[in-house]
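In what follows, a structure is listed as structure tokens, so that the remarks can point back to it.
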Amino acid sequence: ERLIEFKGVTKEYRIGDVQIQALNGVDFSISSGEFVVILGTSGAGKSTILNILGGMDTATSGRVFVGGQDITSFNEKKLTEYRAQKVGFVFQFYNLIQNLNALENVEFAAEVCKNHLDAKEILQKVGLQHRIKNFPSQLSGGEQQRVAIARAVAKNPLLLLCDEPTGALDYVTGKSVLKLLQDVNRETKKCVVVVTHNTAIASMADTVIRVKSGRIDSVARNHHKQNVE
Ligand code: ADP
Ligand code: ADP
Numbered sequence: 005e006r007l008i009e010f011k012g013v014t015k016e017y018r019i020g021d022v023q024i025q026a027l028n029g030v031d032f033s034i035s036s037g038e039f040v041v042i043l044g045t046s047g048a049g050k051s052t053i054l055n056i057l058g059g060m061d062t063a064t065s066g067r068v069f070v071g072g073q074d075i076t077s078f079n080e081k082k083l084t085e086y087r088a089q090k091v092g093f094v095f096q097f098y099n100l101i102q103n104l105n106a107l108e109n110v111e112f113a114a115e116v117c118k119n120h121l122d123a124k125e126i127l128q129k130v131g132l133q134h135r136i137k138n139f140p141s142q143l144s145g146g147e148q149q150r151v152a153i154a155r156a157v158a159k160n161p162l163l164l165l166c167d168e169p170t171g172a173l174d175y176v177t178g179k180s181v182l183k184l185l186q187d188v189n190r191e192t193k194k195c196v197v198v199v200t201h202n203t204a205i206a207s208m209a210d211t212v213i214r215v216k217s218g219r220i221d222s223v224a225r226n227h228h229k230q231n232v233e
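Taking the UniProt record's numbering as reference, the numbering of the sequence shown is continuous, increasing by one, and the terminal residue is 233.
This is the structure in structure tokens:
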């Protein structure tokens, strides 16, 4: 079943007289339940694709369908609701609220969602039951990213979008975060999309989408998907 479809998506940024063509006719589709890795070098357009998919940015032209709905037709109010209800976002630098503890960070995001899950339970699942009262500054990078993943999962969203989720972590910690994302994908059957420049991460994907200069370079199905050990 098709969950996401990009059709001829372009994105132009204008800074004064300078025009930047960030995306130049992007087409691809993703089925529900897939673990997708979007690969490309810096500046290729990966984050722009993810931000448009997550309703954080809008396309200049083209269509983006998510769960059968054309999100490019949404007005600001519908887009805000889509972002809040349907999308869980995981960022490179965690983006936790510094004056809320781990539990409050997860609850704060989940509360606004109609079908949200129990914050404590999700924090337990990501292995942080002993850290729920800690503030972000009292947590390691890996632990903060686990809180961020718990926050995204607790919303019970349609999509989990991750922008360089291991980019600020050391190798071993990064691996454990990827393993957690793989477990989430398997247990919840939710579609997980990871944007990265790190080719090593491609081995754990069902589908690898390569982006180059604002275009799709290739879409490859991974028949020998690997477990993160
Ligand atoms: P990637 O995530 O692959 O590194 P991005 O999607 O961030 O690439 O960027 C694609 C292109 O669009 C780059 O040339 C970048 O400089 C440009 N770009 C991204 N965001 C903006 C913005 N807000 N304003 C102007 N240009 C931008
Ligand atoms: P380093 O430069 O630190 O040696 P790599 O560039 O090899 O690390 O890998 C960086 C990231 O890629 C790490 O966050 C790691 O978790 C992830 N990674 C490496 N190998 C794999 C793999 N086989 N499957 C999934 N993720 C991997």
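Where is the CB? At the ideal position from N, CA and C, for every residue including glycine.
Outcome for residue i when other beta-carbon atoms lying within 10 angstroms are tallied against a minimum of 16
i      : result
ALA204 : exposed
GLU125 : exposed
GLY72  : exposed
VAL176 : exposed
GLY12  : exposed
Residue(s) in a DSSP beta bridge with residue i
i           : result
LEU57       : For LEU57, which the question treats as bridged, DSSP gives no partner whatsoever.
TYR98       : Note: TYR98 sits in no beta bridge, so no partner.
THR203      : THR203 is not bridged to any residue.
ILE34       : ILE8
ILE19       : VAL22
residue 241 : With the chain covering only 5 through 233, there is no way to say anything about residue 241.
PHE69       : GLU9 and ASP74
ILE153      : Looking at the DSSP assignment, ILE153 forms no beta bridge with any residue, so it has no partner.
heavy atom of ligand 1 below 7 Å from residue i C-beta
i      : result
ILE24  : yes
GLY44  : yes
LYS50  : yes
ILE220 : no
ILE205 : no
ILE213 : no
GLY47  : yes
ILE8   : no
ILE101 : no
ILE19  : yes
Same chain only: Cβ atoms within 7 Å of residue i, ignoring 5 sequence neighbours per side
i      : result
ASN28  : THR14, GLY218 and ARG219
LYS179 : VAL232
ARG135 : ALA106, LEU143 and GLU147
Identity of the residue in the options nearest residue i by Cα
i      : options                         : result
GLY37  : ILE136, GLY171, VAL30 and GLU5  : GLU5
VAL223 : SER35, GLN23 and ILE19          : SER35
ILE153 : SER33, ASP74, HIS134 and LYS129 : LYS129
ILE56  : GLY71, LEU7, THR76 and ARG214   : THR76
ALA156 : ARG190, ALA113 and GLN142       : ALA113
Sequence-distant residues of the same chain with beta carbon closer than 8 Å to residue i, five excluded per side
i      : result
PRO161 : GLN89, LYS90, VAL91, GLY92, CYS117 and LYS194
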